[in-house]
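S.K.: In the working numbering, the protein residues as written are 72 to 206.
The beta carbon of each residue, even a glycine, is placed where N, CA and C say it ideally should be.
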């Protein structure tokens with residue numbers, strides 16, 4: 072486990088993260104001394120991403136899914152600082168109001184990190200926005 076954590080830290084550029092701390096947290100979660108949620112948040116606070124938190128816990132034989140990790144971490148972020156994930160629909164409305172076409176909006180969403188977005192969804196959101204501005 073220690074070698075896997077060292078390798079992951081090296082890949083992620085997290086050389087300042089103490090390997091022993093990570094191994095101890097995963098061990099405590101595995102033994103039931105620490106809840107899975109607290110272990111996830113601890114690893115996330117060290118600089119691990121959601122996928123890396125899940126993978127690290129799985130390597131330590133703690134059964135968690137990506138969705139569980141994502142929900143725990145995102146809910147905690149909202150509770151801590153009111154930080155919410157930006158809305159894809161809001162980004163579409165903003166780009167539409169800037170005069171961009173459906174294909175341009177799709178390309179821009181990919182550039183903003185939203186990934187591929189179906190053009191039917193973009194059209195649906197822009198249609199609703201168009202109806203609002205006509206009233």
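Is residue 123 buried or exposed, if buried means 16 or more other CB atoms sit within 10 Å of its CB?
M.R.: The residue in question, residue 123, is buried, as its Cβ has 16 or more Cβ neighbours within 10 Å.
S.K.: Rounding to the nearest angstrom, what Cα-Cα distance links residue 139 and residue 100 in this structure?
M.R.: Answer to the nearest angstrom: the Cα atoms are 15 Å apart.
S.K.: With distances taken Cα to Cα, identify the nearest neighbour of residue 111 among 193, 75, 141, 77.
M.R.: Of the listed residues, the one whose Cα sits closest to residue 111 is 141.
S.K.: What are the start and end residues of each continuous alpha helix (DSSP H) run of 4 or more residues lying completely inside the region 88-134, in chain order?
M.R.: The qualifying runs are 90-102, 107-117, 121-130.
S.K.: Mark residue 137 as exposed unless 16 or more other C-beta atoms lie within 10 angstroms of its C-beta, in which case mark it buried.
M.R.: Its Cβ having fewer than 16 others within 10 Å, residue 137 is exposed.
S.K.: Under a three-way DSSP split, which group does residue 86 fall into?
M.R.: Reduced to three states, the DSSP call for residue 86 is coil.
S.K.: Could you check if residue 177 is buried or exposed, using at least 16 other CB atoms within 10 Å of its CB as the buried criterion?
M.R.: Buried: at least 16 other Cβ atoms inside 10 Å.
S.K.: What's the gap between the Cα of residue 192 and the Cα of residue 173?
M.R.: If I take the Cα positions, the gap works out to 10 Å.
S.K.: Which residue from 185, 148, 163, 113 puts its Cα closest to that of residue 194?
M.R.: The shortest C-alpha separation from residue 194 is found at 163.
S.K.: Using beta-carbon positions only, say whether residue 167 and residue 188 come within less than 7 Å of one another.
M.R.: Contact flag unset, no.
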